[in-house]
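Before any comments, here is the structure.
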Amino acid sequence: MRFKILFILFVFLQIFIQAQDELVNRKKFQVEISPTNEEIIVDGKNSEKVWKTSPVIKDFFRITPIDTGFATAQTKVQLTYDDNYLYALIICYDTVTGKRPVESLRRDFSFPKNDNFIIFIDTYNDQTNGFAFGVSAAGAQWDGIQADGGDVSLNWDCKWFSEVKQHDDYWIAEFAIPFRSIRYLEGVDEWGINFSRFSLLQNEKSSWAPVPRQFKSSTLAFTGTLKWTKPPPSLGTRFSIIPYFSAKAFENINEERKANTNIDYGMDGKVTLSTSLNIDLTVNPDFSQVEVDQQRTNLGRFELFFPEKRQFFLENSDLFASLGNRNIRPFFSRRIGLQSPVKSGVRFSGKVGSNYRLGIMTIQTDSSNENSSSNFTVAALQRKMFSRSSLSAFIVNKDSDVADDYFSSYNRVIGVDFNLASKDNLWMGKAFYHHSLYENAINNPYAATTSIQYNNGIVSANFGYSFVGSGYKAEVGYIKRNGFHRFDPEIDYKFYPKRGKIQNHGPSFKFDTFLDENFDLTDREFELKYNINWRNRSKFTFELENGYVKLLTPFDPTNSDGDSLSAGNKFNWNEFSMNYVSDSRKTINFSSSVRYGGYYNGIKLSINGNVNYRFQPYLNLSINTTYDKIDLPDPLNDIDFILFGPRLDITFTNKLFFTTFVQYNDQSDNININFRCQWRFAPVSDLFIVYTNNTYPENFKIKDKALVAKLSYWFN
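Just so you know, the sequence shown maps onto residues -12 to 703 in the working numbering.
Right under this line is the structure:
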């Protein structure tokens, strides 16, 4: 009943918000695009005749450091198209001369560390979903799919072409984006579009259609309009196949297993049914080339979250991955294939008409020595509501051949999600109800949340309420904990000085509270911060925190198989922290943080540091270090943990990359070494050579090692 009342109020607030605002940029910023019969060579030059006559998009507006007036580093864009490609010519002018900062030539570079230009395209005209294509000043490509109003997933890659030419006071980029690489509504002659320029050399971010400084430049609520003289082509049914061959050698020395060699093959496929619908297929997929996760020291009571990086799961993944919220996810694709290899998978997804998106995915895993084969199926239907909001209904299903003490033979979660987004993006929010079904289900097998957020650039405030019942089970999801009510109000305020070196500063307040199902307090975190952001992009944060925990189960505060604190014990402590991030434009830049204070019934000191050095654009060296020192009263153990991770990236060209990643983790008593060489010899076609081993730190004895070579090619 509490949730129903909150949900009704939430919907009424949505209707009120939508009644108040208007389209932000669509009517004011429009550009027409006309077709061409001329052959365009993507060479970073404006030598074709069409570039002498097509309309010029210019007069970009500043976003940062202030969001008023025109940018000092101006940009010009021209567009045209033919039956196969959307073409763009971009000229980026500099008012400050010098070496343009770029991190490397690696694809999907870090946005704040590179001079760059990006196109954001709202192909569905829903101000929510789209595609992004960009380049750094050195010519590295950056592409991703957009969801939730502007978030960009860079793990998605597609086939497209670009070239960059640098000059003393400007640089030119030229794009050719195949229509078959993106999805759009057939016959529609208007798209949303925006162009973003980040001149790190001049420390200025700008866009064609203005974007308020508190939002990302990728936010699709602020796109202008791209008017097609003739709608983009209808593609019909097309096929793409990406077969792979791999050779692997693996030896588990720790378990005295003999070296094992294996030659394998498989394929990914794509069937484009229309401009907005496609089928993705995978048979015996191999994910050996996927970059290793960056390890973290875990001193908490709950599981850490690591993002999905496997290509098959990524297109239209927001239909599934955005269900729930950050800590209550009914579907988390990394659960699939975690313990048993994936045999095959099929996904049907895309846009159905102007108001519906549909996604259906089924994955079959094979049995292993300790795990039975399982089938995972998830289906979601999303309906656009009002201007930028949506309502989704879904089902997640897992069927296993054999059950055990924790996993049942089947587990299903059904639910509805309502996503709120106002036209001007000032209001965001979410409400959902999820229900789990499994054998011998216990009390309260459901989860529900409602949240609302407001951000006008000066004041940012959000409030959320969540409930997860003790009987809620999502075996294919990511659920940090069960059996709680959570309230988490947060507010922050920013001051913007008119002059000086500080861009903005101000306090933030957070009060995070967990209650059990009987509304008894179990966790409380009171947090007070002060944030300072300088115009040179350096940052400083000071934080005071008060924490309270009532343990519901025994817990080892060192997570090292030592003595545990008993359930029912209550702890209250105070701590403070400081964090500094230096100017990322410098050749050597760094970040550091220190946290000190109480920790359950003891004291904890945590020091984190990251140092980066670049020899642009070919070499980037970074070192991540974490040190945790915990002092606890007897009989508990004192402990020191060190996590040390140097990483070397060498980009010989924008198609040939070499990465060395070493991770020393004191908590897991392991040194991991990973060498990864990638040659992209054709678009989305790669040769990978990967070597990895795990070693004991005390004597450098190798636990296990593996060598993999993988070749894939995109037949399109």
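We put the beta carbon where it would ideally sit given N, CA and C, even for glycine.
Subject >> Residues near Ser387 by beta carbon distance below 6 Å, same chain, minus five either side >> reply: Same-chain partners within the cutoff: Ser359, Ser361 and Ser396.
**OP:** Give the secondary structure of Asp8 by DSSP, where H, G and I count as helix, E and B as strand, and everything else as coil.
**Re:** With a pLDDT of 43 at Asp8, under the threshold of 50, the modelled position of that residue is not reliable, and the figure given next carries that caveat. Of the three classes helix, strand and coil, the one that applies to Asp8 here is coil, per DSSP.
Original post:
Near Asn112, which residues of its chain fall below 8 Å by C-beta distance, leaving aside the five closest residues on each side in sequence?
Top reply: Leu172, Val175, Glu177, Trp178, Gly179 and Ser341
Original post:
Nearest-angstrom Cα distance between Ile429 and Ile266?
Top reply: 38 Å
Subject >> Through-space distance from Asn599 to Ile658, alpha-carbon basis >> reply: 21 Å
**OP:** Write down every uninterrupted run of the alpha helix (DSSP H) in the segment 554 to 611 whose length is 4 residues or greater and which is fully enclosed by it, in chain order.
**Re:** DSSP assignment within the segment 554 to 611 yields no whole alpha helix (DSSP H) run of 4 residues or more.
Original post:
Skipping 5 residues on each side, what residues in its chain have a beta carbon closer than 6 Å to that of Lys488?
Top reply: Trp521 and Arg522
Subject >> Candidates Asn681, Lys86 and Ala696, of which the one nearest Ile689 by Cα >> reply: Asn681
Subject >> Distance between beta carbons of Phe558 and Asn533, contact taken as under 8 Å >> reply: Not really, about 11 Å apart at Cβ, beyond 8 Å.
**OP:** If I'm right that Gly121 touches Thr110 with Cβ under 8 Å, what's the distance once you round it to whole angstroms?
**Re:** So it is not a contact: roughly 16 Å between Cβ atoms.
**OP:** Consult DSSP for Ile(-8) and reduce its assignment to one of helix, strand or coil.
**Re:** Note that Ile(-8) scores a pLDDT of 48, beneath 50, so its modelled location is shaky and nothing firm can be said.
Subject >> CB contact flag (Asp543, Ser553, <8 Å) >> reply: no
Original post:
Roughly how many angstroms lie between the CA atoms of Thr509 and Glu290, to the nearest whole one?
Top reply: 18 Å
**OP:** Whole angstroms is fine: what's the gap from Trp38's alpha carbon to Ser609's?
**Re:** 42 Å
Subject >> Residue range of the unbroken beta strand (DSSP E) whose run includes Asp636 >> reply: Ile626 to Thr638
Original post:
Based on the DSSP secondary-structure assignment, which residues constitute the bridge partners of Glu514?
Top reply: The partner list for Glu514 (beta bridge, DSSP) reads Lys497 and Glu532.
**OP:** Give the straight-line distance between the Cα atoms of Asp251 and Asp656, rounded to the nearest whole angstrom.
**Re:** 32 Å
**OP:** Tell me Asn398's beta-bridge partners as DSSP assigns them.
**Re:** Lys385 and Tyr425
Subject >> Run of the beta strand (DSSP E) containing Ala434, from where it starts to where it stops >> reply: Tyr433 to Asn442
**OP:** Measuring alpha carbon to alpha carbon, tell me which of Asp54, Asp81 and Gln17 ends up nearest Ile211.
**Re:** Note that residue 211 corresponds to Gly in the displayed sequence, not to Ile. It is Gln17 whose Cα lies nearest to the Cα of Gly211.
Subject >> Any beta strand (DSSP E) of 3 or more consecutive residues that is wholly inside the segment 217 to 242 >> reply: 225 to 239
Original post:
Going by other Cβ atoms of all chains shown within 10 Å of its Cβ, with 16 needed for buried, is Pro622 buried or exposed?
Top reply: exposed
Original post:
Taking the beta strand (DSSP E) that Leu306 falls in, what are its first and last residues?
Top reply: From DSSP, Leu306 is part of no beta strand (DSSP E) but of the alpha helix (DSSP H) over Asp305 to Ala308.
Original post:
Can you name, in chain order, every residue of its own chain whose Cβ lies under 6 Å from the Cβ of Ile323, other than the five neighbours on each side?
Top reply: Ile350 and Phe363
Original post:
So who's on the other strand from His492, going by DSSP bridges?
Top reply: Looking at the DSSP assignment, His492 forms a beta bridge with Phe482 and Ile519.
**OP:** Identify, in the order they occur along the chain, each residue of the same chain with its Cβ nearer than 8 Å to the Cβ of Lys214, setting aside the five sequence neighbours on each side.
**Re:** Gln17, Val18, Glu19, Ile20, Asp176 and Glu177
Original post:
Alpha carbon to alpha carbon, how far is Asn546 from Pro317?
Top reply: 27 Å
Subject >> Cα-Cα separation between Asn729 and Lys485, rounded to whole angstroms >> reply: Lying outside -12 to 703, the shown extent of the chain, residue 729 is not represented and no answer is given.
Subject >> Counted within 10 angstroms of its Cβ, other Cβ atoms place Glu9 as buried (16 or more) or exposed >> reply: Note that Glu9 has pLDDT 48, beneath the 50 cutoff, so the model's placement of it is unreliable and no number is given.
Subject >> Option nearest Leu368 by Cα separation, candidates Lys86, Val463, Thr216 and Arg344 >> reply: Arg344
Subject >> Whether Ile617 touches Tyr651 by CB criterion (8 Å) >> reply: no
**OP:** Closer than 6 Å by C-beta to Leu531: which residues in its own chain qualify, once you throw out the five before and the five after it? Chain order, please.
**Re:** Hits under 6 Å: Leu515 and Phe563.
**OP:** Sort Arg244, Glu426, Asn398 and Ala448 by Cα distance to Trp414 and report the nearest one.
**Re:** Ala448
Subject >> First through last residue of the beta strand (DSSP E) which encompasses Trp38 >> reply: Not the beta strand (DSSP E): Trp38 falls in the alpha helix (DSSP H), residues Val37 to Thr40.
Original post:
Among Phe675, Ile53, Gly402 and Lys537, which one has its Cα closest to the Cα of Ser309?
Top reply: Gly402
Original post:
Secondary structure at Pro272, three-state DSSP: helix, strand or coil?
Top reply: coil
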